[in-house]
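Chemist: Going by my numbering, the sequence shown opens with residue 2, and the numbers climb by one from there. C-beta: ideal position from N, C-alpha, C; glycine also. It should be emphasised that the depicted structure is a prediction, and the values quoted were computed from it without experimental measurement. Input: one structure, supplied below.
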Amino acid sequence: MYPKLSKPLPKRVTLELTNVCNRSCQECPRHKSTYPQGYINEELFSKIVKQLPRKIVIVPFFRGESLLHPQFETMMEKLQSFKTVQLATNGDCLNDTKQKTILNACSFVSLSLHKYRVPTPSNWEKFLLTAKNEGVTTQVSILDTLIPQDQKSKFIQSWLRHADRVRIYQEHSHNGFGDLEKPMIIDPNLPCHKPFEDMVVYWDGKVALCNHDWNNTEPLGDLNTQSIKEVWNGLTYSGIRDYNLEGQRCQIKSCHDCAQWMAPYLPNKMIGELYTNDN
């Protein structure tokens, strides 16, 4: 079934705290981005959060490492009343204070590995155990190209002893943003679900098309001067949805080379592999 716009607000809002990162992984789309770097203003962050119902999914992470934001703890405290808060981090800055802040605010935490490694007492075992005991769903994620094929089973089983999920991604910046090296064959006229469900806000308040829109110089709106409802129900967003429903998604500049739109149409509803303790 094609997605329908049934609500005046998105189901999920990605709110980028910063696009600055302490790492420079070449597999990450960041190294191809020319977007200015910066940190979201705490006043703007609060303004946006106040507009959102507590049932909306909040993702306080996008193109950078959120824990680097000087007001990380203060802003995460403002998210404690939301039912679902999902954070991804490379774990480099997980000191005791930040760990406590995350566990108080988040319902889901993903640790992004930048190289192959198995669990040791020094790499987050205690944090993952504490998170599990407090009811926070935990995930460890890694690119498929970073795992030696003869070590894949060991990697998955080792991490599943400490985390709820292991996610193995395909690289999505081989040629640009959101693309895949070996895209699957699906009817290319099917619409992407993201314009109907998700909103992504860059650190400067500009609204991007989706979480694979890393370099948009033509924003869908600006939350410094507009409300979320105004942007979400505005002419620009409506035009994007019309393109999708009319089978013209590739006419959108940010969507032209993207293959991530296929995820909802795949049997497991995602691109890549997901392993859990229930498998």
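Once DSSP output is grouped into helix, strand and coil, what is the label at Phe73?
Modeler: It is helical.
Chemist: Contact check, Pro149 vs Tyr170 under 8 Å by CB: the rounded distance?
Modeler: Between Tyr170 and Pro149 the Cβ distance is about 16 Å, and since that is not below 8 Å, they are no contact.
Chemist: If you run the structure through DSSP and keep just helix, strand and coil, what is Leu6?
Modeler: Residue placement at Leu6 is poorly supported in this model, since its pLDDT is 48, which falls under 50; the coordinates still yield a value, given next. The answer is coil: DSSP assigns Leu6 none of H, G, I, E or B.
Chemist: Where do the N-terminal and C-terminal ends of the beta strand (DSSP E) with Gln140 fall, by residue?
Modeler: Element bounds for Gln140: Thr138 to Leu144.
Chemist: Do Ala106 and Gln72 have their CB atoms nearer than 8 Å?
Modeler: No, the pair does not count as a contact, with Cβ atoms beyond the cut-off.
Chemist: According to the Cβ coordinates, are Ala209 and Pro196 closer than 8 Å?
Modeler: Their beta carbons are not under 8 Å apart, which means Ala209 does not touch Pro196 by this criterion.
Chemist: Does the beta-carbon of His213 have 16 or more other beta-carbons within 10 angstroms, so that it is buried, or is it exposed?
Modeler: Counting Cβ neighbours within 10 Å, His213 comes out buried, since at least 16 surround it.
Chemist: So, helix, strand or coil for Phe46, using DSSP?
Modeler: It is helical.
Chemist: Once you ignore the five residues that flank Arg55 on each side, which residues in its own chain have a CB closer than 7 Å to its CB?
Modeler: Within the same chain, Arg55 has close Cβ partners Ser82, Phe83 and Lys84.
Chemist: Decide if His257 is buried, meaning its Cβ has at least 16 other Cβ atoms within 10 Å, or exposed.
Modeler: Result: exposed.
Chemist: Could you please give the first and the last residue of the uninterrupted beta strand (DSSP E) stretch that includes Ile253?
Modeler: Taken as a continuous stretch (DSSP letters only), Ile253 belongs to no beta strand (DSSP E), as it is neither H nor E.
Chemist: When we look at the beta-carbon of Ile187 and count the other beta-carbons within 10 Å, is it buried (16 or more) or exposed?
Modeler: Exposed is the call here.
Chemist: With distances taken between CB atoms, is the gap from Trp204 to Gly39 smaller than 8 Å?
Modeler: Cβ atoms of Trp204 and Gly39: closer than 8 Å.
Chemist: Run through the DSSP bridge pairs and tell me what Lys127 is partnered with.
Modeler: BP columns for Lys127 are empty, so no partner.
Chemist: Please name the residue, chosen from Glu44, Lys155, Ser34 and Asn23, that lies closest to Asp93 on a Cα-to-Cα basis.
Modeler: Checked all of Glu44, Lys155, Ser34 and Asn23; the closest Cα to Asp93 is Asn23.
Chemist: Going by C-alpha to C-alpha distance, which of Cys211, Val119 and Gln252 sits closest to Phe62?
Modeler: When each option's Cα is compared against that of Phe62, the closest is Cys211.
Chemist: Is DSSP giving Glu198 helix, strand or coil here?
Modeler: Note: Glu198 maps to helix in three-state DSSP.
Chemist: Determine the DSSP secondary structure at His63, reduced to helix, strand or coil.
Modeler: Before going on, a small fix: residue 63 reads as Phe here, not His. Note: Phe63 maps to coil in three-state DSSP.
Chemist: Return helix, strand or coil for Arg24, following the three-state DSSP convention.
Modeler: Here Arg24 sits in coil by DSSP.
Chemist: Which of the three DSSP states is assigned to Ser108 in this structure?
Modeler: Reduced to three states, the DSSP call for Ser108 is coil.
Chemist: Residues bridged to Lys207 by DSSP?
Modeler: For Lys207, which the question treats as bridged, DSSP gives the partners Asp223.
Chemist: Can you tell me whether Tyr36 is helix, strand or coil according to DSSP?
Modeler: DSSP places Tyr36 in coil when its eight states are reduced to three.
Chemist: Would you identify the three-state DSSP class for Arg118, choosing helix, strand or coil?
Modeler: Reduced to three states, the DSSP call for Arg118 is coil.
Chemist: Compute the beta-carbon to beta-carbon distance between Val110 and Thr75, rounded to the nearest angstrom, for a pair I have assumed lies under 8 Å.
Modeler: Val110 to Thr75, Cβ: 19 Å. No contact.
Chemist: Check for me: the beta strand (DSSP E) holding Gln87 runs from which residue to which?
Modeler: Gln87 -> beta strand (DSSP E) spans Thr85 to Thr90.
Chemist: For Thr121, which option in Arg162, Gln87, Ile253 and Leu104 has the closest C-alpha, if you only look at C-alpha atoms?
Modeler: Out of Arg162, Gln87, Ile253 and Leu104, Arg162 has the C-alpha closest to the C-alpha of Thr121.
Chemist: Do the CB positions of Thr15 and His70 come within less than 8 Å of each other?
Modeler: Not closer than 8 Å, so no.
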